[in-house]
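Protein chains in written order, with our numbering: chain A, 5 to 90; chain B, 3 to 907.
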């Protein structure tokens, strides 16, 4: 490993993000036991054949990670909402 | 199960070059492609199958070097001659575009007819660099090559454009899902069920033709007495199909199979002995064979049935189930997998399982041992990802791991946590420290630790702008480093050099950079040598030794060629372009600019994006083409990043000079105001170039002087004294020329000639004549006066100055004076955002391809050269340029470039 002066980049500000609560609605009824797989989000199947996953998501990267898990399972995404800060 | 309706579309009469198969998991993408190419078909091979290069991507391919190596390897399975050069380029760490261009040439020439490259699971790729390379591939695909991209998400390619031009064939979820007829064939013929039409229709409706779901459904029904009842309850349930069916399938397995499935779900790939280790039983291999026979979603990864993986969808279900049912077991399973992979000498897999299983002690040990090799192969990103996953409390007792963490952070541009890590290392380095409490797994990294800490301290001080501390820490590093520790000696010397340069001590800076280059060469860090060579050449040319600067840059090129290193060579060519411009050798400069351009920005260090644009702009200015120079200068200002070098020649000042030359004094005044410059400033080396630029502005604003005008001559006098004291002949010559021009503007011909004579005498030994030549033809009368011996105290016209003046005057007719040739600067500065987004002013916007061509039109390549650059025929290029002219309402290239600049394209 080498560090010469010419390798040191300039530094941008740290991106700080507070976590937000999200509500993700998917088509199909999903059993609550999927909660652990979706990073502890509450999995709430509804009567209308859809399921709402809700709970705190630390940052955008984690949110995209969740969406990728939904995609990989073939779960059709219906809506994604950020809830008001509580 | 054959799907003629889809294969027919794929094999249509004249399929386009790009085929996109885009659908969620479990839609049979891979199976369909395999059928098309005959691999899974019994009905004879499609002609396309004869030459198909197939690459199944996984997460480890999400790295440009790994990706293109895999592509080359896949192509070589069907076209052995293809990619030999690309492989060599890959080893030399060449930029992706160079590698793709080489591959394209090979494929166009050597691949024969009808070769297909399949990139399956392309959605795992996230690297922007890979996407850019694939986009380039798509844009330049030869007629005999077909590219198939299959994945769960659309790739970031200009799909709308490709659709519009008919260059894209798409197979999407709606096409892939089973029709009712296909559902029936699949369930009753392939899976051997006996379902009635009603059941088939119900299943098709319930699964919406999703193949993975039908597969699960079929498995659930096998061996059932009453499939109709199953279908009825399935169809009447609104649970997520996979959830419902996976439960059905899992519930029907014997306990030992179910347990095996759940416990091995943590593995991304499976083999018998590994499964035994993870499950704590035996018979893993037999179990895998049993699962494969039972069609339980096991995919073999090799012909010998040694490695398998679970179907992705099924693996997710299994893992979610494991996490829910036996969460306490998950870490343990990962731990066993980590131990197995460590034993098998596969550190990357071992580390990822150790991290997944929260066995941070093991992960820390493995990372400490594996990271140095990653730094050597420039995979700092992987090292950084691993280290970031470790908890902070692990570091204080691990000095070697800590220094690796500092390196991984700083090399990739971060500072977070660095100070804390260094503070944690400090106690272990105190004299007489008791190292028995330290945890060190990589003993070889312990001895150089003190020197390495000092190097990082010096770098941190430099970032903080503390030059004295930078020097102190770097000198300490030199004391601490072993004589043969070339790497740290070279790093430390470069840091001292940089600090001295920033402080204006050019002689010391030059000596230190020379040392640094020797040490880094011995250490084999060639790209870093090239970075130091650039700095050294800048310093040498500032010290008036252009010849030495050119020699330094050429030696760098030789070294790079010898070692087959690319990164940094583009910078060297751009720097040579500027050095030759200083010598008024525009042809030589143009050759080096071409070389830099051919290498591309990927072959450049962080400064290159702005530096090559400065060089290109200066070349245009040397030809009197200010209209072409200004857009490049705007881009250079936007990309100005000196990468810690002192900002001795800001792009904004160079642009201000171009504005001045074009007569746009208002723009230059804005620059002076924004930069906070004034003629009464305290002078420093770092701002010298800006101050001389300011002197030019003042002279242009107040040629006659007198009255309230600032005293330009006094300002130039102070600048001259500072430049002479600092031994900077280039600046001395320029200041003298400006002093001569000031006298001339005020009608003092004798003083003017004397100053110019002095300037030429100072320029003589090293041919620093560029700055004089730039002032032609307006300076010609004054040159003639010097040539004629009019300078005071030089009565015979025979001195060096007079000779040089004659030489300059006879060097052919002067280039058109910049003042006449320059177009006014764009009235509106180009707004931010992508070129495509900016085209609101155009009725018919330029396509992305036309924007590519436009970029080249701005440069100085000839038509055939541009065609080569774009890998198109000259006729195609002409079509593009004509369409650009029409859209921009321009009659010729120059008008088009100007019009584009006005529109901010």
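We put the beta carbon where it would ideally sit given N, CA and C, even for glycine.
- The three-state reading of DSSP puts residue 661(B) in helix, counting H, G and I together.
- Under a 10 Å Cβ-count criterion, residue 199(B) is classified as exposed, with fewer than 16 other Cβ atoms of the shown protein chains found around its own Cβ.
- Under the 10 Å beta carbon count, residue 716(B) is surrounded by fewer than 16 other beta carbons and is classified as exposed.
- In this structure the segment 258–273 of chain B does not touch the segment 46–54 of chain A; the number of beta carbon pairs closer than 8 angstroms is below three.
- Judged by DSSP in its simplified three-state form, residue 712(B) adopts coil rather than helix or strand.
- For a Cβ distance threshold of 8 angstroms, residue set 322, 325, 326 and 329 of chain B lies close to residue 40(A), ordered along the chain.
- Residues of chain B with a Cβ closer than 7 angstroms to the Cβ of residue 29(A) do not exist, since the nearest Cβ in that chain sits about 13 angstroms away.
- Counting the other CB atoms within 10 Å of its CB gives residue 564(B) a total below 16, which places it among the exposed residues.
- Unbroken beta strand (DSSP E) runs of no fewer than 3 residues, entirely contained in the segment 99–160 of chain B, are found at 117–122 and 147–153, following chain order.
- Under DSSP, residue 302(B) takes part in a beta bridge, and its partners are 310(B).
- Of the residues 421(B), 609(B), 126(B) and 669(B), the one whose Cα lies closest to the Cα of residue 632(B) is 669(B).
- Between the alpha carbons of residue 364(B) and residue 322(B) lies a distance of about 25 angstroms.
- Residue 31(B) sits buried, since 16 or more C-beta atoms from the chains shown fall within 10 Å of its C-beta.
- With respect to chain A, the C-beta atom of residue 386(B) has no partner C-beta closer than 8 angstroms.
- Closer than 8 angstroms to the CB of residue 71(A) there is not a single CB belonging to chain B.
- Beyond the five residues adjoining it in sequence on each side, residue 82(A) comes within less than 8 angstroms, by CB distance, of 29, 30, 31 and 54 in the same chain, given in chain order.
- Cβ-Cβ separation between residue 21(B) and residue 148(B): approximately 7 angstroms, consistent with a contact (criterion under 8 angstroms).
- In this structure residue 329(B) is not in contact with residue 504(B), their Cβ atoms being roughly 56 angstroms apart against a cut-off of 8 angstroms.
- The beta carbon of residue 431(B) sits no closer than 8 angstroms to any beta carbon of chain A.
- Non-local C-beta neighbours of residue 287(B) in its own chain, meaning closer than 6 angstroms and more than five positions away in sequence, comprise 274, ordered along the chain.
- Here residue 58(B) carries a strand assignment [DSSP, helix/strand/coil].
- Think of a sphere of 8 angstroms around the beta carbon of residue 240(B): the chain A residues whose beta carbon falls inside it are 32, 33 and 53, in chain order.
- Not a single CB atom of chain B sits nearer than 8 angstroms to the CB of residue 44(A).
- DSSP links residue 668(B) through a beta bridge to no other residue.
- One thing to note: residue 555(B) has its Cβ within 8 angstroms of the Cβ of residue 577(B).
- From the beta-carbon of residue 225(B), no residue of chain A is found nearer than 9 angstroms; the closest lies around 25 angstroms away.
- Contact annotation: in the segment 132–156 of chain B, residues whose CB is within less than 8 angstroms of a CB in chain A are 154 and 155.
- Residue 734(B) and residue 774(B) do not touch by the CB rule: their CB atoms are close to 13 angstroms apart, not below 8 angstroms.
- When DSSP states are grouped into helix, strand and coil, residue 88(A) belongs to the coil group.
- Under the three-state reduction of DSSP output, residue 63(A) falls in the coil class, being neither helix nor strand.
- Under the DSSP assignment, residue 172(B) falls in the beta strand (DSSP E) whose first and last residues are 170–174.
- Annotation: Cβ neighbours of residue 79(A) in chain B (cutoff 9 angstroms, chain order): 26, 242 and 244.
- Of the residues 213(B), 18(B) and 270(B), the one whose Cα lies closest to the Cα of residue 62(B) is 270(B).
- Scanning chain A for C-beta atoms nearer than 8 angstroms to the C-beta of residue 212(B) yields 78, reported in chain order.
- Ranking 26(B), 753(B), 400(B) and 482(B) by CA distance to the CA of residue 362(B) puts 400(B) first.
- Contact check between the segment 739–748 of chain B and the segment 521–534 of chain B: fewer than three CB pairs, one atom from each, fall below 8 angstroms, which does not count as touching.
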